[in-house]
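Here is the structure we will look at, set down as structure tokens.
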Ligand code: GLA
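Numbering (the working numbering), first residue to last: 321 to 700.
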């Protein structure tokens, strides 16, 4: 068993490439991830989403990788990925067909789990389409979880049932590492905001060992995705920055969805922000809490306690105009009688930008955010 289970970090084919998943694409993406420094930052998983298989199982009932897309098969791909210190993820579905109409694992759970283990797969995204009505998602996820465990190979279960069936009440006990609790993300601010708002209602859901998956990142898609379901307008850099800051603060998996071979400039900086990654990957995995901003329903503050005694504090403005977003430090627990103050280090510039006993504020543009690493210090 892994010593420490943190939100997974990696890349998934779906948001940009849709059904155009292939061995060549994965290998090129892996090289780009290494070259551009993503692997060193912790992005280790390369995940094949839907559409990697043939439309029918073989005569023995096994899943078959599409030979046009994967001419050397999945085992060879897993070997190549492992040789570079990365991990391979694959996709299946607990129904009879996947969401895109490929064979699902219903009543083939043990065969498929064995197959994935033989191939050397490390992670399974497990979807929820085309499920027989009489069987719950809970039973089907327990089945696949048991099937994976029975192989003796450590394979992460990343379930995806969009937050239905009171998933939070049972998912951690299946042993799943993550659970998708939201609808599919699209490349626009409306989608990011609505996913984030739904998570603000259940901040404690994502914590140690089992993480609430808010879907793959759209940072860097810039309205250029080949996936018609995802390619819905694009975002500004400010919105992509806020998207990444939210996913980091909310303990969500950080799964890239862009074309890593082409990502550059501001998108690259956003995805490689070391402080936000450190906050997301903090070993204590504390759930954040939210502080409302008086008189502004579109602004809020998130606070996450970090294992080294510091605090991550994020100011967010979901409004369509500039806003002065202020946090009162007594809302976090600081009193004047403590003789302590809190310093604020900006996550983007890495500079200390303030130190206060009472409050801290910043003017944020529409859909903007700022996250700070904050430490308590004695007042002189
Ligand atoms: C569902 C999932 C998506 C993606 C597609 C693939 O819609 O929620 O993340 O995996 O299926 O068909």
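Every residue, glycine too, gets a C-beta built ideally from N, C-alpha and C.
Asked, Found
"DSSP three-state label for residue 587, please.", "helix"
"Determine the burial state of residue 599: buried for a count of at least 16 other Cβ atoms within 10 Å of its Cβ, exposed for fewer.", "buried"
"Below 8 Å on the Cβ atoms is my guess for residue 376 versus residue 423; work out the distance and round it to an integer in Å.", "7 Å"
"Look at the alpha carbon of residue 687 and the alpha carbon of residue 625, and state the distance between them as a whole number of angstroms.", "24 Å"
"Over the uninterrupted alpha helix (DSSP H) stretch that includes residue 493, give me the two end residues.", "491-494"
"Could you give the residue range of the alpha helix (DSSP H) that holds residue 558?", "557-569"
"Would you call the CB atoms of residue 639 and residue 607 closer than 8 Å?", "no"
"Kindly list the residues whose CB is nearer than 6 Å to the CB of residue 664, restricted to its own chain and excluding five residues on each side of it in sequence; keep chain order.", "673, 674, 680, 692, 694"
"Taking the alpha-carbon positions, what's the residue 331 to residue 699 distance?", "45 Å"
"To the nearest angstrom, how far is the alpha carbon of residue 480 from that of residue 419?", "11 Å"
"Decide if residue 573 is buried, meaning its Cβ has at least 16 other Cβ atoms within 10 Å, or exposed.", "buried"
"Comparing alpha-carbon positions, which option in 344, 560, 368, 329 lies nearest residue 338?", "368"
"Using a Cβ-Cβ cutoff of less than 6 Å, which residues in the same chain neighbour residue 511 once the five nearest sequence positions on both sides are dropped?", "505"
"Relative to the ligand GLA, is the shortest distance from any of its heavy atoms to the C-beta of residue 411 smaller than 7 Å?", "yes"
"Considering only DSSP beta bridges, list what residue 417 is partnered with.", "423"
"Could you check if residue 340 is buried or exposed, using at least 16 other CB atoms within 10 Å of its CB as the buried criterion?", "exposed"
"Jot down the residue ranges of each uninterrupted beta strand (DSSP E) in the segment 345-424, minimum 3 residues, whole runs only, in chain order.", "365-367, 407-413"
"When you compare only the Cα positions, how much space is there between residue 536 and residue 577?", "6 Å"
"Is residue 479 near the ligand FMN, in the sense that its beta carbon is under 7 Å from a heavy atom of that ligand?", "Judged by which ligands are present, the ligand FMN is missing from the structure shown, whose ligands are the ligand GLA."
"What alpha helix (DSSP H) runs, 4 residues minimum, are completely inside the segment 430-493?", "457-470"
"Can you tell me where the beta strand (DSSP E) with residue 702 in it begins and where it stops?", "The structure shown does not extend to residue 702, since the chain spans only 321 to 700, so no value can be given for it."
"Tell me the DSSP secondary structure of residue 335 in three-state form.", "helix"
"Tell me where the beta strand (DSSP E) around residue 581 begins and ends.", "Run containing residue 581: none; DSSP gives neither H nor E here."
"Does residue 618 come out as helix, strand or coil in the three-state DSSP assignment?", "strand"
"How about the segment 530-544 and the segment 494-508: do they share at least three Cβ pairs that are nearer than 8 Å?", "yes"
"Let me know the secondary structure DSSP gives residue 322 once reduced to three states.", "Any reading at residue 322 needs caution, since the residue's pLDDT is 47, under 50, leaving its predicted position unreliable; the model's value is listed next. In this structure, residue 322 counts as coil in the three-state DSSP scheme."
"Please classify residue 656: is it buried, with 16 or more other beta-carbons within 10 angstroms of its beta-carbon, or exposed?", "exposed"
"Going along the chain, which residues of its own chain have a beta-carbon closer than 8 Å to the beta-carbon of residue 402, five neighbours each way excluded?", "408, 440"
"For residue 518, report the span of its alpha helix (DSSP H) as first-last.", "509-520"
"Could you tell me the distance, in whole angstroms, from the CA atom of residue 520 to the CA atom of residue 671?", "28 Å"
"Would you mind giving the Cβ-Cβ distance between residue 390 and residue 456, rounded to the nearest angstrom? I have them listed as a contact below 8 Å.", "That belief does not hold up - the Cβ atoms of residue 390 and residue 456 are roughly 33 Å apart, past 8 Å."
"Let me check one thing: in DSSP terms, what residues is residue 679 bridge-paired to?", "648"
"For residue 471, which residues in the same chain have their Cβ closer than 8 Å to its Cβ, ignoring the five residues on either side in sequence?", "433, 434, 436, 437"
"Is the beta carbon of residue 498 closer than 8 Å to that of residue 527?", "no"
"Determine the contact status of residue 689 and residue 644, defining contact as a CB-CB distance below 8 Å.", "no"
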